[in-house]
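What follows is a single structure, written as structure tokens, with notes after it.
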Amino acid sequence: LDVWPERRRAFDAISSLVLRSVPEGATMREVRLARVSVHDPFRDYEDRRGLPSFESLVFTAAPVNETSASEVPEGVMPTNFLPIANFSSIGPVAHAQGTEVWGTSVTFLLRIDGQDLELDDLPLVQAVAHWEPGGIYDRCPDLGGVHAGGGKCWVFQRLQSLCIQVAQNDAGVWQLAERFPAANHSYGCAYARNTWQAAVYHTEPRPSGFNSRGNFTNYHVANFSDFSVEVRSAHDPYFTALALTHGSLRLPWSRYEEIVLGVVLLIMGIAFTAQPCYLLWRSKRIARARRGHYPGGALAEIRRMSPSSRATRYTYGDVDAETIGMKAAVA
932 LDVWPERRRA FDAISSLVLR SVPEGATMRE VRLARVSVHD PFRDYEDRRG
982 LPSFESLVFT AAPVNETSAS EVPEGVMPTN FLPIANFSSI GPVAHAQGTE
1032 VWGTSVTFLL RIDGQDLELD DLPLVQAVAH WEPGGIYDRC PDLGGVHAGG
1082 GKCWVFQRLQ SLCIQVAQND AGVWQLAERF PAANHSYGCA YARNTWQAAV
1132 YHTEPRPSGF NSRGNFTNYH VANFSDFSVE VRSAHDPYFT ALALTHGSLR
1182 LPWSRYEEIV LGVVLLIMGI AFTAQPCYLL WRSKRIARAR RGHYPGGALA
1232 EIRRMSPSSR ATRYTYGDVD AETIGMKAAV A
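Position 209 of the sequence shown, counting from 1, maps to 1140 under the numbering used here, and the rest follow consecutively.
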């Protein structure tokens, strides 16, 4: 949070941010992104006490229902930004070796103040497989997927949104903020299982025309009417919190909370151990008195320490048993 105001000013200084789609064999299209200030994501967080507030900055383009302007305004996603893609381009999945089969793909170019950044190729439609047991525990139909052999349940997805993190290097040049340079698409905003995904996909119900052999028998076009784009700074405190907490957003306790917890546990420990400690000390005192470790006052010591022993008579030292018997007879 201390460095965010300076990083935000640098991000806000971007004058032009354009995203271009470069589909294979189709015309390149572009959209201009508009800057939008968004509220602190932790504003409604239940454990936000003591956290300072901040304001995020996002460059975004989202679809709108209608626009009367002849030119698409800044921040509005054109309806034809993505090319037509159909699920039949995925091809047969029945004998696929991996867990992903791509259909039509596209390359995105991010242009920041005249500088082009090329993103990795992304599929517009894809089939993703996971293992699903058969019988009554089969959830594949509930997920909108289909079985195509090998125990795999294939779920069909289409591209729904794209979110990219950018950062400046030491020379002040903007670049993709790759969290894991060795991994693809690690500059995204969606954190899941220690990965940063740039593309978010929407699961489609079982497409029409899909037969039992894993092939499409007719044309099924994907709908991208809800496609949106965001570009954000990698120094946003929200992403920093995601990285530090490994996506859980369970923030560590403050120093004050740790001190209060320590005091409470200390008091509870004393309260729970006081009586057992006293009983242990008392039993040891009684045992020592019975072994004659308290000469001259042993009987008084035992009676004082153990009220239940008052009916018992104890004698110590050289006492004649016959004398005791005569005293009892006289009495």
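Glycine residues also receive a C-beta, built at the ideal position from the N, C-alpha and C atoms.
For residue i, three-class secondary structure by DSSP
i: Leu1173; result: helix
i: Ile1021; result: helix
i: Tyr1122; result: strand
i: Pro1004; result: coil
i: Pro1009; result: coil
i: Ser1168; result: Per the sequence presented here, residue 1168 reads as Pro, with Ser not at that position. Residue state, collapsed to three classes: helix.
i: Arg1241; result: Confidence at Arg1241 is low in this model, with a pLDDT of 44, below 50, so the placement of that residue is unreliable and no value is reported for it.
Residue i - containing alpha helix (DSSP H), residue span
i: Ala1205; result: Arg1186 to Arg1221
Cutoff 8 Å; reference residue i; Cβ partners in own chain excluding five residues on either side
i: Asn1100; result: Gln1106
i: Ser946; result: Asp1044
i: Val995; result: Val1007 and Met1008
i: His1177; result: Asn1125
Delimiting residues of the beta strand (DSSP E) encompassing residue i
i: Glu937; result: Taken as a continuous stretch (DSSP letters only), Glu937 belongs to no beta strand (DSSP E), being part of the alpha helix (DSSP H) at Trp935 to Asp943.
i: Ser952; result: Leu948 to Pro954
i: Arg960; result: Arg960 to Arg963
i: Phe1111; result: That residue, Phe1111, is in no beta strand (DSSP E); it is neither H nor E in DSSP.
i: Ser1092; result: Lys1083 to Gln1099
i: Asp1044; result: Asp1044 -> no beta strand (DSSP E), and no H or E assigned at all.
i: His1133; result: Ala1130 to Glu1135
i: Ser987; result: Ser987 to Ala992
i: Glu1063; result: No beta strand (DSSP E) holds Glu1063; DSSP gives it neither H nor E.
i: Val995; result: Here Val995 belongs to no beta strand (DSSP E), and DSSP marks it neither H nor E.
i: Val1032; result: Glu1031 to Trp1033
Per-residue burial, residue i [other beta carbons within 10 Å of its own, 16 or more giving buried]
i: Ala957; result: exposed
i: His1116; result: buried
i: Lys1083; result: buried
i: Phe1203; result: exposed
i: Met1008; result: buried
i: Val1077; result: buried
i: Ala1129; result: buried
beta-carbon residue i near the ligand COA non-hydrogen atom, thresh 7 Å
i: Gln1128; result: Only the bare structure without any ligand can be found here, which leaves the ligand COA out of the picture.
Beta-carbon contacts of residue i that lie in its chain and below 6 Å, excluding the five residues immediately before and after
i: Pro1136; result: Gly1075
i: Arg1110; result: Ser1117 and Trp1127
i: Met1199; result: none
i: Val1131; result: Gln1091, Ser1092 and Ala1121
i: Arg963; result: Val949 and Glu1005
Cβ neighbours of residue i in the same chain (closer than 7 Å, five flanking residues each side left out)
i: Arg1070; result: Glu1063
i: His1133; result: Gln1088, Arg1089 and Gln1091
i: Val1032; result: Ile1021, Gly1022, Val1024, Gln1057 and Ala1058
**Asked** Between the region 1164-1180 and the region 935-942, do at least 3 Cβ pairs fall closer than 8 Å?
**Response** yes
**Asked** Below 8 Å, can you find three or more Cβ-Cβ pairs linking the region 1032-1046 to the region 1001-1016?
**Response** yes
**Request:** Pair every Cβ in the region 1083-1092 with every Cβ in the region 1053-1062, then say whether three or more of these pairs are closer than 8 Å.
**Result:** yes
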